[in-house]
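Data block below; observations after.
Residue numbers (the numbering used here): 29 to 1180.
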């Protein structure tokens, strides 16, 4: 097998060029040549023996150069015995003229003289489409009048180049004078297929299959001329020849032997730059008699032809060479190099430049992925494309990456990644290869590339492939297809897989519509993708639908047009006017009435209604018609299985054909995140199932309903469920004009075809479970209702007759109804002012936010200035501030963390909040202990490692308590929304906290109460001392001292947390006022700490002034008063102004 790599080597290229540039033998090829048309006229006509078949589709291409600005004719094809032009191309100085079936089309276009142009014409009889291409770009598209359209081009006509003609009395071709071409023509070719723009661009040097650029097909009176500018370099050729296998003994499989021998022989005689792709044989199209062999082949002349074959061999020339050179040399090499048992008929050899079909493969790759990446699947897809598309001759398509089981890294051969987790993935993808290499070479390249190259380009990721399966697939072309849209009718021609077909828009003709012949990874088949008409302008509008008559034949096309019109109308955010909306619904109703609704057709109708519902269009005028239409469609839809569900954003329709005799009930559930997303639908053919937790609606039909199931088609009865994620179709005037009543759930319905279900007994009633869209508040009223079509003079309205309401929680209601129809939950909102709980919650969050900011400033101040934290009160204040900051921050984050609905995260959050709450109160208690030591037991009090012991108590005791709760029952922490108390109180706030009431009262209430009682006792003692000291002062200083003492009392209240006592008195008539005071003072405790112990302290302000460079450096000792020491001893009393301030000094002396 020849390797592509070897072919591309410099030595191979040089050898090939030497061989191809050698003096070629005589050849019938016209490639590299032109026909020059002068006066008198030069006549080139298709030989009479070359028959043009009746062509329904065709493509014609040629190179054209004008020498003078005169009227001209490029080619003319006339039907036998006809005077009009069947097909032709001509023009004037500023126009192009195309003739087709006697009609003329004119295009304003100037072809400059003495310049080569590539001109192509294509025609599709089925699509009634004529296209003109210039230099590979489509310029114009036209259609014949429907009355003049031909099914095919007339066969066996006459074709001339450069002149028009007619047939004289003898049947000879005679030139018509006056509009002959003065210029040159080259590379005239015709194909029996309509090529697209992309396909024509791939055939710039490919020969035609109807008319080719070969002397053997033309009759002429002036010889072709060589033009060095017309060399067309090409790589892909097909060799057609008659071959035979001659030998004295008969073989069992001469065909297989001939293919193998032909390949080996050609590989031996061709230079290194020419590779043989594949060989095919057809014995039915060849002669069965002996082949006339060349006389010089004496060895073979005595042999008989056992069997003759028509051989076709695809070859690739690398580098590309001129077509005429390859044709001449390949023919020469074949004729001049006989094989021992292989004979070739020289006159049968044809070397045709061609386009080989792309090779498609399906690959299944298993790999291990090691490394840190947020999007490993995207990385794998990128890696595949980088590896396989490196040569520019292949495309990786339809990559599907699925994660498999996770594996340990044991045994993985990359030791540097042993500590990382390995993930296993399976990748399915397609490879489209257009290199024309042999399939074995393509598969070998893919296998070696993927199985032996693991490192990703950033070297932080390792991809180890473990298994690769390759299979060649043969996807079919997408067949010709008619689409009827609001942009007009389009007939898409047969197209190769993964080719993007282009068509000119009806309006404007200068723009293009696109449609891909898409290859699917699921089943390796092809189908047309949806056309891209974004550049085209609509030709019809919704009012034009009134002129359309719906029939069985055009029903699907009418729905497609309506869907396009609706999408265009609502796509830019506008509303569909009521008159146009009524037209849409009326036409869809006609479609359902005149044709059998298939799942595809029903899905399109559901999508149309969905687009309208999620837009801003007012659908109230057509609501009854839409509900009736969807019900009728669900009852009459034809589908092969026993059940079918159709979904679209805000809408779902489920149909189940049940056996009345074996009916055991039905359960239907639907869940939807929002009205703009498709709902998920669940159907269980039993009534014993429980509502799915995540379902928004659930309806249970009991088995006792079998009495209401009349036998229908195939002895089955159609049961239908509908889900509506919007209330637009159910506008009751009572609720629309009410500020308190609203529909508080999605809407679900159930119906039985041909049966009216009503007056069910208690044991037979239908159970509907509906999830609230808005949580029920304590004073709200929930009511189960159904849509009564007869209410409000036939416009419909909500009614609760026959339905019993059972509220399950603030978020869910169960309805027991004695009939079937559309059900929902109606919420009668108690319109009191904003609830106190809501206002208090807002105050709490604002207060905690403010406290968090100022506690952070307080900590920054005391930790940043070393002189401020030398005394014990400052150190205790730092710890208290840290505890309060943790409490405030966790309170602010708690609701957000609980919204993740993560069980473990909620427990950690609740435990941390509990810990900082206990720590805050413990440090408040330690403040009281410190004051007791400093102000009461002031003589001979010595506490070694004083601050260290306080820290052990302040942070250790809360840790012990929280650890015990977690050890005894970790489920004591959790989301309070899940508790029974929350449900009974109609709480709607998610919050991670203690769920167990006993634990709450023991480890929170009791602990806090104990600390506050102790702090209150210390506070009373301090107040008594303040009063005693005030009595001993001079009358002139009492006024000033009273203000200082008042500030000290407020500071003590903040430090000791006495404002928390308000919570124990929040009952009775003053409960609301007490709750407001409790919330305001306690959430602002952090701010008050900053106010009294930073902002109002002289030494703190002085330190900030010094730091900011706006103060003097005075003696610090006069402000601070004493330095921190390891041993703490109090030996004298001083008047108390603020016990936590340094200037309120118990006289701490060294050695005391």
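Note that the Cβ used here is the ideal one computed from N, Cα and C, for glycine as well. Only a predicted model underlies this, so the values are computations on that prediction, with no experimental measurement involved.
Residue i, DSSP secondary structure in three states
| i | result |
| --- | --- |
| residue 43 | In this predicted model, residue 43 has a pLDDT of only 43, less than 50, meaning its place in the structure is not dependable enough to derive any value. |
| residue 417 | coil |
| residue 658 | helix |
| residue 1155 | With a pLDDT of only 40 at residue 1155, under 50, the local geometry of the prediction cannot be trusted, and the value read off the model is given with reservation. Three-state DSSP puts residue 1155 in coil, outside helix and strand. |
| residue 555 | strand |
| residue 155 | coil |
| residue 142 | coil |
| residue 193 | strand |
| residue 106 | strand |
| residue 622 | helix |
| residue 182 | coil |
| residue 295 | helix |
| residue 884 | helix |
| residue 57 | strand |
| residue 1037 | helix |
| residue 533 | coil |
| residue 85 | strand |
| residue 426 | strand |
| residue 1145 | At residue 1145, the pLDDT of 38 sits below 50, so the modelled position is not reliable; the number obtained from the coordinates is stated separately. Looking at residue 1145 - three-state DSSP - the assignment turns out to be helix. |
| residue 403 | coil |
Span of the beta strand (DSSP E), counted from its first residue to its last, around residue i
| i | result |
| --- | --- |
| residue 974 | From DSSP, residue 974 is part of no beta strand (DSSP E) but of the alpha helix (DSSP H) over 974-996. |
| residue 601 | Looking at the DSSP string, residue 601 is not in any beta strand (DSSP E), and its letter there is neither H nor E. |
| residue 751 | 745-752 |
| residue 453 | 450-461 |
Neighbour-count burial assignment, residue i, 16 or more Cβ in a 10 Å radius
| i | result |
| --- | --- |
| residue 198 | exposed |
| residue 924 | exposed |
| residue 68 | exposed |
| residue 268 | exposed |
| residue 235 | buried |
| residue 38 | Confidence at residue 38 is low in this model, with a pLDDT of 43, below 50, so its placement is unreliable and no value can be given for it. |
| residue 675 | buried |
| residue 870 | exposed |
| residue 1181 | Outside the displayed span of the chain (29 to 1180) sits residue 1181, for which this structure offers no information. |
| residue 615 | buried |
| residue 288 | exposed |
Run of the alpha helix (DSSP H) containing residue i, from where it starts to where it stops
| i | result |
| --- | --- |
| residue 942 | 931-959 |
| residue 467 | 467-479 |
| residue 1135 | 1126-1136 |
| residue 910 | 900-926 |
| residue 1102 | 1099-1111 |
Beta carbon proximity, residue i to chain B, threshold 8 Å
| i | result |
| --- | --- |
| residue 1129 | Absence of chain B from the displayed structure is noted, only one protein chain being present. |
Any alpha helix (DSSP H) of 4 or more consecutive residues that is wholly inside the segment 211-235: 225-229
Contact the segment 716-735 vs the segment 633-648: 3+ CB pairs below 8 Å: Under the Cβ criterion (8 Å, minimum of three pairs), the segment 716-735 does not count as touching the segment 633-648.
With three or more beta-carbon pairs closer than 8 Å as the criterion, would you say the segment 84-101 touches the segment 201-217? The segment 84-101 vs the segment 201-217: in contact.
Please list the segments of the beta strand (DSSP E) lying wholly inside the segment 695-739, counting only runs of 3 or more residues, in order along the chain. The qualifying runs are 708-712 and 725-729.
Taking 8 Å as the threshold, find out whether the segment 360-367 comes into contact with the segment 288-303 through three or more Cβ pairs. yes
Looking at C-beta atoms only, is the number of pairs between the segment 528-545 and the segment 581-594 that lie closer than 8 Å three or more? no
Report the start-end ranges of each beta strand (DSSP E) in the segment 482-531 that is 3 residues or longer and not cut off at the edges. 490-501, 509-513 and 516-520
Just to confirm the assignment: which complete alpha helix (DSSP H) runs, minimum length 4, are found wholly within the segment 341-390? Within the segment 341-390, the complete alpha helix (DSSP H) runs of at least 4 residues are 351-364.
Give a yes or no on contact between the segment 877-897 and the segment 912-922, applying the rule of three or more CB pairs nearer than 8 Å. yes
Whole alpha helix (DSSP H) runs in the segment 811-868 with 4 or more residues, listed along the chain? 819-822
Measuring CB atoms only, is the segment 689-697 touching the segment 726-734, in the sense that at least three cross pairs come out at less than 8 Å? yes
Count the C-beta pairs between the segment 746-761 and the segment 647-666 that are closer than 8 Å, then say yes if the count reaches three, no if not. Yes, the segment 746-761 is in contact with the segment 647-666.
Are the segment 109-125 and the segment 243-262 touching by the rule of at least three beta carbon pairs closer than 8 Å? no
Segment contact, 8 Å Cβ cut-off, at least three pairs: the segment 827-835 with the segment 799-813: yes
Just checking, does the segment 1105-1120 make contact with the segment 1077-1086 on the three C-beta pairs under 8 Å criterion? Because the criterion of three Cβ pairs below 8 Å is met, the segment 1105-1120 and the segment 1077-1086 touch.
So, does the segment 57-64 touch the segment 163-175, judging by three or more C-beta pairs under 8 Å? no
Are the segment 599-609 and the segment 523-531 in contact at 8 Å, needing three or more beta carbon pairs? no
Contact the segment 741-751 vs the segment 622-635: 3+ CB pairs below 8 Å: no
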